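Since the structure comes first, as structure tokens, the remarks are kept for the end.
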Amino acid sequence: MTFPKRQILSFIFGMLTLMAWAHKGKHHPNPSTLQKENFIQINEMYLAEVKPIFEKKCFDCHGLSSSAPWYRNVPGAKQLIDDDIKESKQHLDMSSDYPFKSHATPIEDLDAIRASIDRNEMPPIRYRLLHSDSALTAEEKEKVSKWVQFGKEILKE
Ligand code: HEC
7 MTFPKRQILS FIFGMLTLMA WAHKGKHHPN PSTLQKENFI QINEMYLAEV KPIFEKKCFD
67 CHGLSSSAPW YRNVPGAKQL IDDDIKESKQ HLDMSSDYPF KSHATPIEDL DAIRASIDRN
127 EMPPIRYRLL HSDSALTAEE KEKVSKWVQF GKEILKE
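Using my numbering, the letters of the sequence shown correspond one by one to residues 7 to 163.
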């Protein structure tokens, strides 16, 4: 049994119309586009609130300044500190803003940052001893924490 060509075509057309109608109003943005927009939002807050803090207190090891000038005053420390910088970057490289380059996911980085700050692990004690003002103040901790919270809420959605 064969159908006339016109009938088949109009059936297909009808199905397509029906599918288009059923689909109307549903948005299916590409997940990677969505993720990119999330990162942009999180990075905007990072640039405004958090980066100025990290620049002062973290970038000597985690940031762009890979030949940190601060060790020049510390005889014999060069090797130690070069290793420190290399290692810190392997864990978390902040040099190109959020999302950071790291071995973890962007959301895990947020957790790790908050944990390291809550536990006073970062900046490391050896660094704080040489830079008495490098520990985060209560106000700075609060800002970082709020940013982490903001980022986590967005990424969770
Ligand atoms: C003196 C260099 C130095 C400074 C300054 C420093 N870090 Fe680190 N950081 C390291 C090193 C080395 C590691 C890797 C070894 C470790 O975890 O102790 C690390 C690891 C980390 C990790 C863990 C990443 C993971 O793998 O879980 C986080 C998060 C972090 N640093 C955040 C910060 C923040 C935030 C600041 C500034 C407030 C900061 N660090 C300042 C050297 C530094």
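Here a beta-carbon is modelled for each residue, glycine too, at the ideal position from N, C-alpha and C. Since the model is a prediction, treat every value here as computed from it, not as a measurement.
Can you tell me which of the options puts its alpha carbon nearest to the alpha carbon of residue i?
i: Thr-143; options: Gln-85, Lys-62, Val-154 and Phe-106; result: Lys-62
i: Lys-149; options: Met-51, Leu-40, Thr-23 and Ile-14; result: Met-51
i: Arg-114; options: Ser-102, Leu-98 and Lys-42; result: Residue 114 is actually Glu in this sequence, not Arg. Of Ser-102, Leu-98 and Lys-42, the residue nearest in Cα terms is Leu-98.
i: Pro-129; options: Met-25, Lys-11 and Ile-59; result: Ile-59
Based on the DSSP secondary-structure assignment, which residues constitute the bridge partners of residue i?
i: Asp-99; result: Lys-107
Grouping DSSP H, G and I as helix and E and B as strand, with all else coil, what is residue i?
i: Ser-151; result: helix
i: Leu-70; result: coil
i: Asp-139; result: coil
i: Asn-44; result: helix
i: Glu-93; result: helix
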